[in-house]
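Notes to accompany the following structure.
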Amino acid sequence: KILTITAPLYVLALSNLGLATAPWHLAVFLLIFGIVGNMCNIAVNTQGSEAEKLFGRPIMTSFHGAWSIAGFTGALIGLLMINLHIVPYHHFWIIVGIIFINIFLNYKHLVPGKGAKAERKPKLFRMPEGALLQLGMIGFCSMATEGAMFDWSGVYFKDIVKAPSSLVILGYASFMVMMATGRFVGDKIIARLGRKKTIQISGLIISSGMFLSVFFPYVLTATFGFMLVGVGVSSIVPTVYSVAGKNGKVAPGMAIAMVSSVSYLGFLMGPPLIGYISALSSLRYSYAVIGCFGLFVSFLVTKIRAIA
469 KILTITAPLY
479 VLALSNLGLA
489 TAPWHLAVFL
499 LIFGIVGNMC
509 NIAVNTQGSE
519 AEKLFGRPIM
529 TSFHGAWSIA
539 GFTGALIGLL
549 MINLHIVPYH
559 HFWIIVGIIF
569 INIFLNYKHL
579 VPGKGAKAER
589 KPKLFRMPEG
599 ALLQLGMIGF
609 CSMATEGAMF
619 DWSGVYFKDI
629 VKAPSSLVIL
639 GYASFMVMMA
649 TGRFVGDKII
659 ARLGRKKTIQ
669 ISGLIISSGM
679 FLSVFFPYVL
689 TATFGFMLVG
699 VGVSSIVPTV
709 YSVAGKNGKV
719 APGMAIAMVS
729 SVSYLGFLMG
739 PPLIGYISAL
749 SSLRYSYAVI
759 GCFGLFVSFL
769 VTKIRAIA
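Below, the structure written as structure tokens:
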């Protein structure tokens, strides 16, 4: 029910961005876009968790893989619109039309949520506790890593790796490609190894990739290191959301909202933390800290009984 409301609102919020004529207009529209988008994100992940229960096997990482492909597609469409000299307002409305068609064709396939008996009168705000808080911390570390790669990988290749200008984008591109690829194969790996071992190995892969790029800051080694980081983060957040949706104590939507809130703090706080540490010392030390996040993920997941 939440998704059927927030999905159209999310699309309409996107269309408003093209109407901004002043900085404060854009700020308000972005705020609305962010709020509705996060509600839609939680609802979509709840749907993924419910669908996973029906299928009886891991499928959540593939859904997040589709998100990665959508990101690539959106970037390509944006590049096309720029080359065709189409103004942002028209660009956004073209996307709105495409998404509305998609919603109309697929809303009937949504899985009805059953909720949880204990959550008949859920609180407006509730702090995650126990396993949900631990899951949130794992998501925090993973999304802090993603944020570090999104915002700082180009700077790292330019200032630390000293890559030619034509190769500065290589680190970010290799990370994104491997993250998307990892998500499409992640479900099979989870089915074979289990969620706990998959997250544990993923954390070790993140730290290995980060430390490789820190200790050997050359184009080939740093690129390979960033590829490892992409593989490492690919399955962590989808798996964390999947486990949260099956917790049995809190309604799936509420549980995913709790874990998502803590996780997204990593995405918000990770890049500024990188900048602060690099200002005090070096970007290499900043990335070494992110490598330690991977080790923390591998350690923390062993303490969570809810993950099999």
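Count the sequence shown with our numbering and you get residues 469 to 776, in order. Glycine residues also receive a C-beta, built at the ideal position from the N, C-alpha and C atoms. Remember, predicted model here, so these are calculated numbers, not experimental data.
Would you give the residue range spanned by the alpha helix (DSSP H) that residue i belongs to?
| i | result |
| --- | --- |
| Ser621 | 598-623 |
| Asn715 | Asn715 -> no alpha helix (DSSP H), and no H or E assigned at all. |
| Lys469 | Here Lys469 belongs to no alpha helix (DSSP H), and DSSP marks it neither H nor E. |
| His559 | 556-574 |
| Ile628 | Unbroken run through Ile628: none, as it is neither H nor E. |
| Leu768 | 751-768 |
Less than 8 angstroms between C-beta atoms, sequence neighbours within five positions excluded: which residues of the same chain meet that for residue i?
| i | result |
| --- | --- |
| Phe540 | Met644, Ala648 |
| Trp561 | Ser483, Gly486 |
| Val564 | Val479, Leu480, Leu482, Ser483 |
| Phe497 | Ala481, Asn484, Leu485, Leu487, Ala488 |
| Val623 | Leu751 |
| Thr689 | Leu680, Ser681 |
| Ser517 | Met528, Tyr709, Ser710, Ala712, Gly713, Lys714, Pro720, Ile724 |
| Ser821 | Residue 821 lies beyond the range of the chain shown here (469 to 776); nothing can be said about it. |
Apart from the five residues on each side of it in sequence, which residues of its chain come closer than 7 angstroms, Cβ to Cβ, to residue i?
| i | result |
| --- | --- |
| Leu768 | Gln602, Met605, Ile606 |
| Glu520 | Pro526, Ile527, Met528, Ser710 |
| Leu672 | Gly762, Ser766 |
Buried or exposed for residue i, going by 16 or more other Cβ atoms inside 10 Å?
| i | result |
| --- | --- |
| Val555 | exposed |
| Arg651 | buried |
| Thr707 | buried |
| Val663 | A small correction: the amino acid at residue 663 is Arg; Val does not occupy that position in the sequence shown. Arg663 comes out buried. |
| Trp620 | buried |
| Ser766 | buried |
| Phe531 | buried |
| Ala490 | exposed |
| Thr770 | exposed |
| Ile566 | exposed |
| Thr472 | exposed |
| Ala599 | buried |
| Tyr575 | exposed |
| Gly698 | buried |
| Ser731 | buried |
| Gly542 | exposed |
| Gly502 | exposed |
| Ala475 | buried |
| Ile775 | buried |
| Ala586 | For Ala586, the pLDDT reaches just 47, beneath the cut-off of 50, and the residue's location in the model is therefore unreliable, although a value from the coordinates is still provided. Looking at its Cβ environment, which holds fewer than 16 other Cβ atoms inside 10 Å, Ala586 is exposed. |
| Ala659 | exposed |
| Phe625 | buried |
Return the Cβ separation of residue i and residue j in integer angstroms, given the expectation that the two are a contact with Cβ distance under 8 angstroms.
| i | j | result |
| --- | --- | --- |
| Phe679 | Ala756 | 7 angstroms |
| Ile724 | Gly713 | 6 angstroms |
| Ile470 | Met507 | 7 angstroms |
| Thr666 | Ile758 | The pair is not a contact, with the Cβ atoms about 20 angstroms apart (cut-off 8 angstroms). |
| Val687 | Val629 | 6 angstroms |
Enumerate in chain order the residues of its own chain whose CB-to-CB distance from residue i is below 6 angstroms, with the five nearest sequence positions on each side excluded.
| i | result |
| --- | --- |
| Gly615 | Phe735, Gly738, Pro739 |
| Val682 | Arg752, Tyr755, Ala756 |
| Leu696 | Ile673, Ser676, Gly677 |
| Ser670 | Gly700, Ser703, Ile704 |
| Leu638 | Thr691 |
| Met646 | Met695, Gly698, Val699 |
| Ser610 | Val701, Ile704, Val705 |
I want to see whether chain C comes within less than 7 angstroms of residue i, judged by CB atoms only; does it?
| i | result |
| --- | --- |
| Pro556 | Among the chains of the structure shown, chain C does not appear; only one protein chain is present. |
Runs of alpha helix (DSSP H) wholly within the segment 644-717 (minimum 4 residues, chain order): 663-683, 687-702, 704-713
Contiguous alpha helix (DSSP H) assignments of at least 4 residues, all confined to the segment 494-552: 528-551
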